[in-house]
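K.L.:
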Amino acid sequence: RLDAELRLQMVDFPAADFDLEDLDGNRVSLQALRGKVVVLDFWATWCAPCLSSFPAMRKAVERHKDDAGVRFYFVNAWERAEDKPKNARDFLARTGYPFAVLLDLENRVIDAYKVDGIPTKFVIDGGGRIRFKTTGYSGNHDRLLAELEAMIEMAR
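Quick note: the sequence shown, position 132, residue 137 per the working numbering, numbers continuous.
1) Distance, Cα to Cα, glutamine 14 vs alanine 86?
2) If I'm right that leucine 45 touches isoleucine 129 with Cβ under 8 angstroms, what's the distance once you round it to whole angstroms?
3) For the alpha helix (DSSP H) containing glutamate 152, list its first residue and its last residue.
4) Report yes if the C-beta distance between asparagine 117 and alanine 9 is below 7 angstroms; otherwise report no.
5) Check for me: the beta strand (DSSP E) holding aspartate 121 runs from which residue to which?
6) Is it buried or exposed, alanine 49, if we count other Cβ atoms within 10 angstroms and call 16 or more buried?
7) Decide if alanine 65 is buried, meaning its Cβ has at least 16 other Cβ atoms within 10 Å, or exposed.
8) Who are the near neighbours of phenylalanine 104 in its chain, counting only those whose CB is closer than 6 angstroms to its CB and skipping five residues on each side?
9) CA-CA distance, aspartate 109 and arginine 12?
10) Can you tell me the Cβ-Cβ gap for valine 42 and isoleucine 157, rounded? I've got them flagged as a contact below 8 angstroms.
11) What residues are listed by DSSP as bridge partners for serine 34?
12) With DSSP run on the structure shown, which of helix, strand or coil describes proline 60?
13) Expressed to the nearest angstrom, what Euclidean distance is found between the alpha-carbon atoms of proline 60 and glycine 144?
14) Check lysine 41 in the structure and name its three-state DSSP category.
15) Run through DSSP, which three-state label would threonine 100 get?
16) Let me confirm a value: asparagine 81 is counted as buried when at least 16 other C-beta atoms fall within 10 Å, else exposed. Which label applies?
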């Protein structure tokens, strides 16, 4: 039933390429991730629904940690802190989330993806096409995990 529901939500449009730094200064581009399913989660440290979704997102990340065909990136954008990289680093140190964070310091990528609220998640297939876009968080960890798992499988 969930698969049928999600098939109705599937989209197919090109994902904007991006080239962002992670918290260690490494560059990550969508182009370099071709062939993999990429989950982008746009978030900010002040966003309560983003933070509420993170325990479920941690489970999803851990579930796929040994799957070379799937990558999760948490794109930190719309931050209000003066030192945005330090703010994101401190957040991860405090919470212990094992997330690969990319810094959208000038909000160029969040704008290119036409995000109008966070959290917004995109599931991008190996050909660089957006297959799913979700905005917000329902508060249901199990539902988020089930949806994300199904979306990743459909995008393979």
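Ideal Cβ positions, reconstructed from N, Cα and C, are used throughout, including at glycine.
P.N.:
On the basis of the supplied data:
1) Locating residue 14 in the sequence shown gives position 9, where the first residue counts as 1. Locating residue 86 in the sequence shown gives position 81, where the first residue counts as 1. In a straight line, the C-alpha of glutamine 14 is about 35 angstroms away from that of alanine 86.
2) The count along the sequence shown starts at 1 and reaches residue 45 at position 40. The count along the sequence shown starts at 1 and reaches residue 129 at position 124. Right, their Cβ atoms sit about 7 angstroms apart.
3) Along the sequence shown, one-based indexing puts residue 152 at 147. That run of the alpha helix (DSSP H) goes 146 to 160.
4) In the sequence shown, the residue the question calls residue 117 occupies position 112. In the sequence shown, the residue the question calls residue 9 occupies position 4. With the sequence shown as reference, residue 117 is identified as alanine, and asparagine is not the correct amino acid for it. No. Outside cutoff.
5) The residue labelled residue 121 in the question sits at position 116 within the sequence shown. Aspartate 121 -> no beta strand (DSSP E), and no H or E assigned at all.
6) Along the sequence shown, one-based indexing puts residue 49 at 44. It is buried - the Cβ of alanine 49 has at least 16 other Cβ atoms within 10 Å.
7) The residue labelled residue 65 in the question sits at position 60 within the sequence shown. When all chains shown are included, alanine 65 counts as buried.
8) Residue numbering aside, residue 104 sits at position 99 when the sequence shown is read from its first letter. For phenylalanine 104, where only same-chain residues beyond five positions count, the Cβ hits under 6 angstroms are Phe79.
9) Along the sequence shown, read from residue 1 onward, the residue named residue 109 stands at position 104. Along the sequence shown, read from residue 1 onward, the residue named residue 12 stands at position 7. Taking the straight line from one Cα to the other gives about 30 angstroms.
10) Here the question's residue 42 lines up with position 37 in the sequence shown. Here the question's residue 157 lines up with position 152 in the sequence shown. The pair is a contact, with the Cβ atoms about 5 angstroms apart (cut-off 8 angstroms).
11) Here the question's residue 34 lines up with position 29 in the sequence shown. According to DSSP, which records beta bridges pairwise, serine 34 is partnered with Asp24.
12) Position 55 of the sequence shown, counted from the first residue, corresponds to residue 60. Helix, per DSSP.
13) Translated into positions along the sequence shown, residue 60 becomes position 55. Translated into positions along the sequence shown, residue 144 becomes position 139. Cα to Cα, the separation comes out at about 11 angstroms.
14) The residue given as residue 41 occupies position 36 in the sequence shown. Of the three classes helix, strand and coil, the one that applies to lysine 41 here is coil, per DSSP.
15) Residue 100 sits at position 95 when you count from the first residue of the sequence shown. Here threonine 100 sits in helix by DSSP.
16) Along the sequence shown, read from residue 1 onward, the residue named residue 81 stands at position 76. Result: buried.
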